[in-house]
Amino acid sequence: MSPCIGHATKTPKETLKDEAMKQSSARMPSKRTQLVWGAFFFAIPCALVLLQAGSNDLQGSILLTTIASAEDRPTTDPIFTTIESPKTWSAIVINHLGQPAGTVDSVGRDHQNAGLDGFGYHFLIGNGNGLGDGDVEMGYRWINQTPSAKPTAIDAANWNNGVISICLIGNGNRRPFTEEQMLRLSHLVQRLQKELAIPESQVMLAGTLGDVDSPGQYFAEAQFRSQLFDIPR
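Structural data, given as structure tokens:
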């Protein structure tokens, strides 16, 4: 039978080529499908970041790479905007880590291995080893407004649930803390003092509360105290 006019007869080779193109086209997603999957993969990392920042696990933390002084305090203060409402805090205690390096995660693991519920302090201030020099990392205890862990060498009579615990990475019995650490420490304490009405007399070194040499002999206490606010009780 003669082929219909206007339809050329295809060779077996051409027929195989057409079938291959059809199969390739069937495997290839449409532009709309590509857009949908592209949006999905873009959204996944964002969702992970949000979940990590908003999680209440024992290793949650928020990193602050800079803290302005109380006089230069911005309208939005991440120290307090990250919490729904601050609890009643009555004192601030300064500690040193006693180790040359660390982060909230690494120290938190050590604290868990020692029987604590994760990172025991409220704030950790870096020296450039593990955590950036002068960077302040807020632990889950501050984010959730829960009490800090009492150091074992401090008598229970000198500690209560109203203590804000700040830790400097390093060992103050071996060398001084960095200038950035001391600057950020003073700014952090100023902000806490001003917002929570904590007087200078209630800003204490851990070594004055028990048999522990912290934050160490090289901690520049006079310089630090000269930066504090004289807030009436």
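All residue numbers for the sequence shown refer to our numbering, where the first residue is 8 and numbers rise by one. All residues carry an ideal CB built from backbone N, CA and C; glycine is no exception. Quantities reported herein were computed from a predicted structural model and do not represent experimental measurements.
Note down the Cα distance separating cysteine 174 from leucine 203, rounded to an integer number of angstroms.
The straight-line gap separating the alpha-carbon atoms of cysteine 174 and leucine 203 is approximately 19 Å.
Runs of alpha helix (DSSP H) wholly within the segment 139 to 196 (minimum 4 residues, chain order)
With a minimum length of 4 residues, the unbroken runs of alpha helix (DSSP H) contained wholly in the segment 139 to 196 fall at 147 to 150.
Have a look at the DSSP bridge pairing and note the partners of glutamine 106.
Gly177
When the Cα of isoleucine 176 is compared with those of Gly169, Gln188, Asn165, Leu70, which residue comes out closest?
Gln188
Which whole-angstrom value is the C-beta distance of glycine 172 and glutamine 234, which I expect to be below 8 Å?
First, the residue type needs correcting, since residue 172 is serine and not glycine in the sequence shown. That pair is no contact at about 19 Å.
Beta strand (DSSP E) containing isoleucine 132: first to last residue?
That run of the beta strand (DSSP E) goes 130 to 132.
Pull the bridge partners of alanine 213 from the DSSP assignment, please.
For alanine 213, which the question treats as bridged, DSSP gives no partner whatsoever.
What are the boundary residues of the beta strand (DSSP E) that isoleucine 90 is part of?
Note, isoleucine 90: premise wrong, no beta strand (DSSP E); not H, not E.
Contacting residues, own chain, Cβ-Cβ under 6 Å from valine 56 (five flanking each side not counted):
Any answer about valine 56 is weak, because its pLDDT of 25 lies below 50 and its placement is not dependable; what the coordinates show is given next. The answer is none, since no qualifying residue turns up.
What does DSSP give as the partner residue(s) for serine 68 in the beta ladder?
Answer is Gly146, bridged to serine 68.
Is leucine 216 closer than 8 Å to tryptophan 166 when the C-beta atoms are compared?
yes
In whole angstroms, what separates the C-alpha of proline 222 from that of glycine 105?
8 Å
Considering only their Cβ atoms, is the gap separating asparagine 102 from proline 158 smaller than 8 Å?
With respect to asparagine 102, proline 158 sits close: the two C-beta atoms are nearer than 8 Å.
Which residues in the same chain as glutamate 207 place their Cβ atom closer than 6 Å to its Cβ, once the five residues preceding and following it in sequence are excluded?
Leu235, Asp237
Separation of glycine 179 from phenylalanine 226, as counted between CA atoms
The C-alpha of phenylalanine 226 lies about 6 Å from the C-alpha of glycine 179.
Going along the chain, which residues of its own chain have a beta-carbon closer than 7 Å to the beta-carbon of threonine 95, five neighbours each way excluded?
Gly169
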